[in-house]
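Okay, structure first, notes after.
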Amino acid sequence: MSLHLLKLCVGAESISDLEDWIAERQAQRRARGEPLEQLHTTRMVPKKIEEILDGGSLYWVIKGQISARQRLTDIRPFTDGEGIGRCHLVMEPVVVPVEPRPFRPFQGWRYLQAKDAPRDLSEYGGDLGEMPEELRRELAGLGLL
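Numbering-wise (numbering that gives the first Met the number 0), the sequence shown opens with residue 0 and increments by one.
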């Protein structure tokens, strides 16, 4: 069973903010002639790389709720110009909205077991995925989702 990562999406107010940021970064990479992959740099390198890359995703916490995920395709440890060890989390640039779930702030990233991961909104059927994100947040905050 896959293992996932959980991380705060600092600066994003919504899933659409995250998607806009990804599109902007992809345009910059395209203009520089770089491969069109989405990288997120983090300080710590996950120890369970094989489990994560076996279908794992990075789940984003936006405004205090787990809100979306992106499938992880690679994890690349490296040393930066100052000699500090870091890691690139490589993700598909597709953001998948998930069942909103409250989560307190934390530093870095956390492992998230597959059994504990929120379901994709598309798994619910109906119009839940079409509902405005702010309304989904509010309903989840009230315990109605």
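Ideal Cβ placement from N, Cα and C applies to all residues, glycine included.
Rounded to whole angstroms, what's the CA-CA distance from R70 to V9? Just pull it up for me. As a first step, residue 70 must be located in the sequence shown, where it is residue number 71. As a first step, residue 9 must be located in the sequence shown, where it is residue number 10. For R70 and V9, the distance between alpha carbons rounds to 19 Å.
Which residues bound the beta strand (DSSP E) around R103? Taking the sequence shown and counting its residues from 1, the one referred to as residue 103 is at position 104. Note, R103: premise wrong, no beta strand (DSSP E); not H, not E.
Taking DSSP as the reference, what is the three-state secondary structure of D53? Looking up residue 53 in the sequence shown gives position 54. Reduced to three states, the DSSP call for D53 is coil.
Report, in whole angstroms, the separation of the C-beta atoms of S66 and P99, which I expect to be a contact under 8 Å. Within the sequence shown, numbered from 1, the residue matching residue 66 stands at position 67. Within the sequence shown, numbered from 1, the residue matching residue 99 stands at position 100. The Cβ separation is near 6 Å, so the contact holds.
Tell whether a beta-carbon distance below 7 Å holds between V60 and F102. Against the sequence shown, residue 60 aligns to sequence position 61. Against the sequence shown, residue 102 aligns to sequence position 103. Yes, Cβ-Cβ distance for V60 and F102 is below 7 Å.
Do you know offhand how far I51's Cα is from L138's? Numbered from 1 along the sequence shown, position 52 holds the residue referred to as residue 51. Numbered from 1 along the sequence shown, position 139 holds the residue referred to as residue 138. The straight-line gap from Cα to Cα measures roughly 31 Å.
Assigned secondary structure, S13 (DSSP; H/G/I helix, E/B strand, else coil): By 1-based counting over the sequence shown, the position of residue 13 is 14. S13 falls in the coil class under three-state DSSP.
Grab the span of the beta strand (DSSP E) containing L38 for me, first residue to last. The residue you call residue 38 lines up with position 39 of the sequence shown. Unbroken beta strand (DSSP E) run through L38: Q37 to T41.
Just how far apart, CA to CA, sit A116 and K6? By one-based count along the sequence shown, residue 116 stands at place 117. By one-based count along the sequence shown, residue 6 stands at place 7. Distance between the alpha carbons of A116 and K6 is about 13 Å.
Mind the definition here: the region 17-32 touches the region 78-89 only if three or more C-beta pairs lie below 8 Å; say whether that holds. In this structure the region 17-32 does not lie against the region 78-89, because fewer than three pairs of beta carbons, one per stretch, are closer than 8 Å.
Assuming P76 is part of the beta strand (DSSP E), what are its boundary residues? Position 77 of the sequence shown, counting from 1, holds the residue named residue 76. Q64 to T78 is the extent of the beta strand (DSSP E) around P76.
Beta-carbon separation of R42 and S56 under 7 Å? On the sequence shown, position 43 is the one that residue 42 refers to. On the sequence shown, position 57 is the one that residue 56 refers to. Not in contact: R42 and S56 (Cβ atoms no closer than 7 Å).
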